[in-house]
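Each remark here refers to the structure printed beneath this line.
Residue numbers (the numbering used here): 224 to 430.
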């Protein structure tokens, strides 16, 4: 297993790794993306084309992208290039409109002072080595440096491991939304909003 000190962590997705990032994101979140865009080829093409590279932290082993954490601010987001216009251009008016509705279900608008996480994806061969946790640390450090008050995310009810990771870092649950009537469509029936108070976390770390 590779050690964290053998990896490089940085803000910004290198252009050369766009396609690999699309593969990682599709592998991690493909189930929800699949509802919007059934074709794997089109999904990955869409992601490759629409990623906004500045809104991510990445983990790189040698010349290989092995992990990525996207985020969303009031200025932009990692997946912010997935617009209605882009979807209709790629899929046509009917399929594009359907995809826009589904993606709109996941869309969140960050408040001032709040940094939203888009999600963490780690290559299957590198899971279990702490890469996801380190990417999360990088994101929280970025939030602190840029004076964000909160880091917020949504975790689906079928991903308890992710929820435990966030709780270990200091995230707390704000509430759970349940929509069992959509489970047949989305593959999950609820999600929990979690939040980290950056300033409180800093005081704990300093004490």
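Backbone N, C-alpha and C fix where the C-beta goes; we use that ideal spot for every residue, glycine too.
If you're wondering where the values come from, they're calculated on a predicted model, not measured in any experiment.
In chain order, what residues of the same chain have a beta carbon less than 6 Å from the beta carbon of residue i, not counting five sequence neighbours either side?
i, result
"residue 291", "244, 247, 279, 281, 344"
"residue 339", "295, 331, 333, 375"
"residue 311", "319"
"residue 394", "417, 419"
"residue 242", "271"
Terminal residues of the continuous alpha helix (DSSP H) containing residue i?
i, result
"residue 241", "241–259"
"residue 312", "307–314"
"residue 360", "354–368"
"residue 389", "383–392"
"residue 350", "That residue, residue 350, is in no alpha helix (DSSP H); it is neither H nor E in DSSP."
"residue 271", "263–273"
How many Å lie between residue i and residue j at the Cα?
i, j, result
"residue 398", "residue 416", "6 Å"
"residue 240", "residue 401", "36 Å"
"residue 414", "residue 379", "4 Å"
"residue 261", "residue 392", "35 Å"
"residue 372", "residue 233", "22 Å"
"residue 313", "residue 301", "19 Å"
"residue 349", "residue 360", "17 Å"
"residue 347", "residue 386", "19 Å"
"residue 324", "residue 308", "13 Å"
"residue 423", "residue 315", "47 Å"
Just verifying my parser: in three-state terms, what is the DSSP assignment at residue i?
i, result
"residue 335", "coil"
"residue 399", "strand"
"residue 285", "coil"
"residue 296", "coil"
"residue 233", "strand"
"residue 280", "strand"
"residue 342", "strand"
"residue 303", "coil"
Could you confirm whether any beta carbon from chain E is found closer than 9 Å to the beta carbon of residue i?
i, result
"residue 304", "Judged by its chain identifiers, the structure shown contains no chain E, having just a single protein chain."
Rounded to whole angstroms, how far is the Cβ of residue i from the Cβ of residue j, which I believe are closer than 8 Å?
i, j, result
"residue 272", "residue 235", "With 8 Å as the limit, residue 272 and residue 235 do not qualify as a contact, their Cβ atoms being about 17 Å apart."
"residue 355", "residue 388", "6 Å"
"residue 259", "residue 322", "4 Å"
"residue 317", "residue 366", "Rounded, the Cβ-Cβ distance is 40 Å, inconsistent with contact."
"residue 230", "residue 284", "5 Å"
"residue 335", "residue 297", "6 Å"
For residue i, collect the residues of the same chain with a Cβ closer than 7 Å to its Cβ; drop the 5 residues on either side in sequence, then sort them by chain order.
i, result
"residue 305", "269, 273, 326"
"residue 256", "249, 266"
"residue 341", "293, 294, 295, 300, 301, 302"
Considering residue i, what are the terminal residues of the beta strand (DSSP E) in which it resides?
i, result
"residue 225", "Segment: none, residue 225 is in no beta strand (DSSP E) and carries neither H nor E."
"residue 376", "373–379"
"residue 416", "413–420"
Excluding the five sequence neighbours on either side, which residues of its own chain have a C-beta within less than 8 Å of the C-beta of residue i, listed in chain order?
i, result
"residue 299", "275, 277, 278"
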